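Notes follow the structure.
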Amino acid sequence: MRRNKAAIFGLAIMAIFLGLAIFAPVIAPYSPDEISSAGASPPSWQHLFGTDDLGRDVLSRSLYGARISLSVGAVAVVIALLLGTLAGAVAGYYGGWVDGSIMRAVDVMFAFPSIFLILAIQAMLTPNIYNVMFVIGLTSWMGVARLVRGEFLRIRQLQYVEAARAIGCGDLRIIFRHMLPNAQGPIIVAATLGMAGAILTESALSFLGMGVQPPMSSWGNMLMDSQAYMRDAPWMSIIPGLLIMVTVLSLYFIGEGVRETLSPKERHAGS
Amino acid sequence: MAIAMDFDQEGILRSSLNGEVSILNPVLSTDNISSAVEGAIFNGLITFNEKLEVIPELAASWQASKDGKTWTFNLRRDVFWHDGRPFTSEDVVFTYNAILNPKVNSVRRSDYIINGQPIKFKALDKYTVQAVLPVPFAPFLVRMGMGIVPKHLLGGKDLNTASFNRRPVGTGPFIFKEWTSGDHVTVVRNPKYFLGAPKLAGIKYKMIADDNSQLVALEADEIDEAGIPPKDYERMKKKAGIKVYDYDVLLYIYLGFNLANPKFADLRVRQALAYATDKKQLVDLIFKGLASPASAPTAPISWAYNSNVPKYEYNPERAKKLLKEAGVNSLEFTILVNQGNKEREKAAVILQQQYKKVGVNVKVRVMEWSALLKIVNAPKDPKEFEAVIMGWSLGLDPDAYSIWHSSQYPAGFNFVKYSNKKVDRLLDQGRLTTDKNERKKIYAKIWQEIAADQPYIFLWYPKALTGIRDRVGGLSKPGPAGLFVHLEKVFIRNAQVRP
Amino acid sequence: MRKFVLNRLLQIIPLLLGISLLSFLVTRLAPGDPTALFIDPNIDPLELARVRANWGLDQPIFIQYLVWLKNALLLDFGRSYTTGLPVITEIGERLPMTLLLMISSFILTLLITIPVGVISAVKKNSWFDNLFTFISFAGMAIPTFWLGLMLMLVFSVKLHWLPAVGNLALPLITMTIGSLAGLTRYQRGAMLEVLNQEYIRVARAKGLPERVVIFKHALRNALLPTITILGLSLPDLFGGAFVIETIFAWPGMGRLGVQAIFQRNYPTIMGIVMLSAILIIVGNLLADIAYAIVDPRIRYEKK
Amino acid sequence: MLEVRNLSVNYYVDEGTVNAVAGVTFNLKEGEILGILGESGSGKSTLGFALLRLVDRPGEIVSGEIILNGLDILLMPERELRRVRGAQIAMVFQDPFTALNPVLTIGEQIMEPIVLHQGVKRGEARAKAAEALRAVKIDPARIDDYPHQFSGGMRQRVVIAMALACRPKILIADEPTTALDVTIQAEILALLREIKNQFNLSIIYITHNFGIIRQLCDRVVVMHRGAIVEEGKTHLVFDQPKEPYTKKLVDCLRELG
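Protein chains in written order, with the numbering used here: chain W, 1 to 271; chain Y, 1 to 499; chain C, 1 to 303; chain F, 1 to 257.
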């Protein structure tokens with residue numbers, strides 16, 4: 001009951017952030033890139049969240065940053081889900097050597113410290129927002145693959161799949177119409193956690209100078225740029241730091257909510 | 001634990017390095033960080049004083065022949081390697097021949113090859129070395145500062161892999177003691193140093209790659225010396241126990257245009273962009289004013305500096321007019337900057353806004369250093385970039401042949417394809433002339449020509465800002481050579497160093 | 001059991017081959033090469049070409065890989081371009097520091113995670129549970145580098161309690177907070193699930209004290225998913241290690257690795273990727289073995 | 001020998017409060033097998049758990065008395081309660097697949113209550129555990145095996161052995177055969193009858209299966225929506241049900257059988 005409240009809270013926050021991101025050009029009081037020789041100034045009526053070291057309005061940058069951070073998170077997760085679901089579904093459905101080779105590929109990817117892979121691929125592709133999404137997606141699909149495979153191995157045994165096969169459904173139809181919808185719960189949970197993870201990964205990439213590139217603002221690179229100013233201009237780091245935290249928390253809450261609704265064991269009542 | 005030890009041990013200078021020492025062999029090392037440590041361990045034939053003038057070190061004196069091709073160095077006779085062996089001319093010849101050996105991975109080799117011919121080094125006797133140049137070459141003497149390595153330890157060994165590179169033995173004021181990979185290098189005083197025993201008991205170089213962490217360590221009294229970011233300058237100046245020094249360095253940062261690209265072929269376009277560049281805003285926003293707007297491919301502290309060059313003071317109206325004159329209605333281009341360099345990234349973002357005001361649309365592309373160089377240095381014509389923000393660290397000699405001579409394209413560092421017959425001729429002349437005053441005039445003309453052509457927009461001359469804890473004394477006068485020109489004179493206040 | 005371990009060990013071989021090929025390709029296809037370090041107007045580009053040839057980089061990639069593979073099979077991973085040291089030596093100097101950090105963080109994490117997870121589950125929705133729920137969510141939601149710098153500002157600059165660099169405490173705390181959060185949630189979740197199992201009620205019906213019910217009956221079962229998660233979180237530990245090592249100037253392997261990537265120091269990159277892959281695989285294997293030890297079902301199935 | 005008076009248990013769930021057991025009163029006589037009959041959701045399992053105060057949150061025992069040997073179980077301090085659990089009243093659960101801890105040997109699980117309640121050394125407890133296994137017709141040599149090595153019926157025997165280990169006076173069996181095949185059901189029922197005599201037990205047998213009640217129980221209590229609707233000798237209730245609800249149940253059984 002309490003958790004579901006948290007999940008609703010999380011959903012509400014995400015909805016608000018999404019709205020702010022979409023309407024950023026309307027809401028933002030300034031252009032996010034407009035610099036001013038004044039440099040960093042604390043929050044005031046002109047600049048509610050203050051300005052950064054180049055005199056740019058932190059509120060406007062946060063709003064535009066929401067677009068970037070949320071879409072990096074969302075697209076990266078979609079990529080990871082597509083890859084992971086496909087790999088897991090194929091592996092779990094066909095089994096045998098198909099399963100074996102896909103799962104070995106998953107093992108290879110898992111055995112890599114993904115930060116190295118991300119860095120190397122980023123170096124290869126040069127950092128920009130699309131590559132950031134792509135690279136994070138490409139290095140985070142393995143968990144989903146294992147999960148979907150596990151679900152499929154379980155579902156494959158169930159009667160309705162047998163029945164579908166008996167009436168002559170094709171493989172693709174069985175996978176997508178009969179099996180996948182039944183595995184969607186865990187996938188949704190993985191998606192919310194994955195999106196949270198992607199937003200954090202983007203900020204870690206920013207630390208390495210390989211995240212979303214300037215002048216585009218993402219919460220990750222705002223936070224990174226601010227770290228040198230923690231003492232002189234704390235608002236520069238507090239705002240994006242809080243935004244990241246609240247977003248990630250909201251996503252976790254949503255994930256937990258979905259998880260608890262799905263798990264009947266948590267909701268036992270009298271016999 | 002390591003830190004507690006420092007407080008116990010008196011007279012140790014706790015220095016810091018903002019990266020990792022890679023190799024302690026002056027023949028092989030290429031990075032400033034390794035060089036900083038090598039400076040304490042090794043000596044060259046010559047060295048530089050605070051004013052960057054050449055002064056004797058291992059060589060007591062030298063003479064050049066009349067034709068300027070034969071140089072004779074008379075070595076000091078009181079120098080010993082840290083292992084007790086005497087230093088001789090054999091060591092000098094060995095060092096330079098090692099650099100010239102193609103099997104040795106030294107990228108300094110080209111410093112000692114002139115017009116495709118190597119300089120010949122010869123030991124005339126135990127304490128005399130002769131260098132024979134194919135042609136007279138003005139920058140020769142400053143290149144004799146290379147740290148000399150011992151023949152008796154390296155002769156017959158594969159220099160690239162010698163264990164010496166990790167446990168170096170030199171002639172300098174400090175003796176190598178310990179190197180913990182990625183953490184610190186410690187050196188201890190050489191009581192027999194030929195310029196006088198150092199006053200420090202030793203130096204511990206702590207490797208701290210992150211600028212913020214370095215600053216925090218200085219504030220927390222864990223190190224004695226650290227670079228100060230400009231935005232912390234005022235705060236650190238007020239901080240008790242720390243003194244902040246600022247001084248100019250031989251470096252300039254620029255926005256270079258690919259002149260092979262038709263967008264930048266017209267001089268008026270480049271001039272327009274120069275007028276559209278508010279260098280003062282750049283310097284104020286990025287450095288809080290602790291850097292100076294640049295105007296020429298040199299630095300104010302170079303002896304060949306010439307302030308009398310076209311300056312293109314900020315004038316957006318003039319910029320718009322020039323663009324119109326050039327018939328440019330819409331200009332759009334991409335600036336490359338290297339990833340990890342916040343100052344240049346910010347500069348690109350600021351330039352983007354400044355150029356927007358004159359109707360020029362700029363995209364910024366941040367690339368990893370290696371990837372960026374791959375584009376800029378690829379030996380092909382035309383190159384695949386439009387504009388790039390980079391910096392040149394200048395040698396002590398003003399020679400800029402490799403940057404501006406038209407022969408240095410497409411292979412070479414004239415990657416913007418600058419081509420000016422007059423500059424070519426002056427560059428050739430500048431290398432061959434040995435008289436300093438003559439050369440000064442030649443380079444003044446070169447700077448004027450280049451500044452007028454604006455193949456680069458010269459952005460700023462950085463300053464070095466260094467914070468030193470009060471307990472450190474004996475620093476040299478702040479200058480481009482740093483604060484530790486005479487390491488043997490540096491001391492820790494109130495420390496008892498056993499003689 | 002022995003067959004199970006043997007089988008797993010055999011699987012490592014193709015895994016390492018795959019990893020080596022992938023990382024070789026990825027690093028070589030990235031633009032630029034190690035001589036980018038030497039950019040200096042005084043260096044003739046011809047010299048760079050000479051050095052490249054000295055390193056064998058003028059050969060086709062395929063040949064380079066085979067040469068690397070042949071040498072690697074003889075446990076020769078080449079020499080670092082920047083230090084000239086054998087890669088094994090270079091890594092060997094750094095590995096102990098990374099392991100020190102990772103293992104102590106690992107132990108600290110377990111010491112905190114297990115009791116906190118257990119208490120949170122047993123006292124579900126109590127103030128303790130809510131507090132740690134909040135702390136762990138916050139721990140998961142804070143970017144590591146930010147947390148590290150904040151801790152440094154507070155404990156080194158303001159309070160002067162701990163040295164900013166060169167000391168284990170702060171990097172350890174930062175790393176532990178990062179991994180603590182997720183694990184505590186898992187431990188709590190697993191515990192909650194186990195506590196709803198019939199055998200827990202059975203244990204209570206037998207009159208066992210709550211202590212025995214929780215620690216003997218519930219915890220052993222609830223540890224199973226935690227062990228798996230621990231194994232799976234190893235790659236992340238390496239990733240986190242890099243950021244932490246940089247901030248706290250900790251001379252570990254993560255920093256060496258990322259630096260090697262920026263420098264295109266191929267032999268070092270390959271050495272580190274292979275070594276961390278082996279560590280991760282061995283870590284997972286150990287997790288599986290630990291799982292089998294705790295869970296008799298696995299143990300006997302594989303007999 | 002066990003008297004239950006006015007026992008009520010509530011569940012507090014999202015949708016509100018469910019009165020799972022609503023003021024139930026009955027007693028168990030020495031040596032009898034009392035059947036508690038009800039459909040799923042009738043509160044019969046909750047009642048079974050409540051007898052040993054094993055109702056978990058979100059459930060709560062809100063009122064009533066459970067008198068054993070003159071003492072109210074509901075008022076006992078935790079320590080004393082534990083001396084009742086397993087020692088005087090033992091339980092056998094519905095699902096033998098989940099009732100045994102998968103990571104402990106069956107021997108360990110049977111020995112636990114013996115060591116706890118009889119304060120004997122492990123060696124002796126092990127002997128007693130072996131004896132308990134023999135009583136439920138399992139080879140004592142398998143004492144060090146794990147639950148997953150047994151079939152369902154065998155596991156239920158282990159559960160019964162565990163319940164019998166401390167020689168309790170009362171056994172509460174909560175649908176111990178529903179998860180098992182019919183043939184194995186019969187074996188377990190026979191076993192229960194056998195051990196009842198051997199160990200001089202009183203049994204509360206909770207089920208939704210009137211057939212089993214008829215075979216096994218002396219008396220029956222019929223529950224519906226948390227309350228007792230009818231109570232009496234099994235054959236009387238079966239032959240002349242008074243309440244319409246009971247009648248319906250009996251009719252169902254007749255149709256089937």
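All C-beta atoms, glycine included, are put in the ideal place defined by N, C-alpha and C. These numbers were taken from a predicted model, which means no experiment stands behind them.
Taking only beta-carbon atoms, is residue i less than 8 Å away from chain Y?
{"i": "Met133/W", "result": "no"}
{"i": "Pro251/C", "result": "yes"}
{"i": "Asp232/W", "result": "yes"}
{"i": "Ile35/W", "result": "yes"}
{"i": "Met272/W", "result": "Residue 272/W lies beyond the stretch modelled for chain W, which goes from 1 to 271, so this question has no answer here."}
{"i": "His268/W", "result": "Unreliable positioning characterises His268/W in this predicted model, as indicated by a pLDDT of 37, which lies under 50. The coordinate reading is nonetheless provided below. His268/W does not count as touching chain Y."}
Under 8 Å between the Cβ atoms of residue i and residue j?
{"i": "Ser89/Y", "j": "Val27/Y", "result": "no"}
{"i": "Glu57/Y", "j": "Ile41/Y", "result": "no"}
{"i": "Tyr254/Y", "j": "Met390/Y", "result": "yes"}
{"i": "Gly11/Y", "j": "Leu200/Y", "result": "yes"}
With DSSP as the reference, identify every bridge partner of residue i, one or two as the case may be.
{"i": "Ala464/Y", "result": "Tyr247/Y"}
{"i": "Leu71/F", "result": "Leu68/F"}
{"i": "Asp125/Y", "result": "Thr128/Y"}
{"i": "Thr186/Y", "result": "Glu178/Y, Lys204/Y"}
{"i": "Gly391/Y", "result": "Ile253/Y"}
{"i": "Ala276/Y", "result": "DSSP output for Ala276/Y lists no bridge partner at all."}
{"i": "Ser63/F", "result": "Ser8/F"}
{"i": "Gln63/Y", "result": "Thr72/Y"}
With a 10 Å radius around its C-beta and 16 neighbouring C-beta atoms as the bar for buried, classify residue i as buried or exposed.
{"i": "Tyr130/W", "result": "exposed"}
{"i": "Thr177/F", "result": "buried"}
{"i": "Cys217/F", "result": "buried"}
{"i": "Cys166/F", "result": "buried"}
{"i": "His235/F", "result": "exposed"}
Any beta carbon from chain C within less than 8 Å of residue i's own beta carbon?
{"i": "Leu17/Y", "result": "no"}
{"i": "Asn165/Y", "result": "yes"}
{"i": "Pro102/Y", "result": "yes"}
{"i": "Lys206/Y", "result": "yes"}
{"i": "Ala7/W", "result": "no"}
{"i": "Ala129/F", "result": "no"}
Out of the options, which has the shortest C-alpha to C-alpha gap to residue i?
{"i": "Asn25/Y", "options": "Leu153/Y, Ser213/Y, Ser370/Y, Trp303/Y", "result": "Leu153/Y"}
{"i": "His224/F", "options": "Leu2/F, Val13/F, Val21/F", "result": "Val21/F"}
{"i": "Ile35/W", "options": "Met179/W, Pro215/W, Asn4/W", "result": "Pro215/W"}
{"i": "Leu171/F", "options": "Asn197/F, Pro147/F, His148/F", "result": "Asn197/F"}
{"i": "Ser307/Y", "options": "Tyr314/Y, Lys321/Y, Pro297/Y", "result": "Pro297/Y"}
{"i": "Glu488/Y", "options": "Ala64/Y, Arg189/Y, Gln353/Y, Lys120/Y", "result": "Arg189/Y"}
{"i": "Phe176/W", "options": "Phe152/W, Met103/W, Val189/W, Phe253/W", "result": "Phe152/W"}
Using a C-beta cutoff of 8 Å, does residue i count as contacting chain W?
{"i": "Glu368/Y", "result": "yes"}
{"i": "Leu285/Y", "result": "yes"}
{"i": "Leu360/Y", "result": "The sequence shown places Val at residue 360/Y, rather than the Leu named in the question. Chain W contact via Cβ: absent."}
{"i": "Gly239/C", "result": "yes"}
{"i": "Ala190/C", "result": "no"}
Can you find a C-beta in chain F that's less than 8 Å from the C-beta of residue i?
{"i": "His160/C", "result": "no"}
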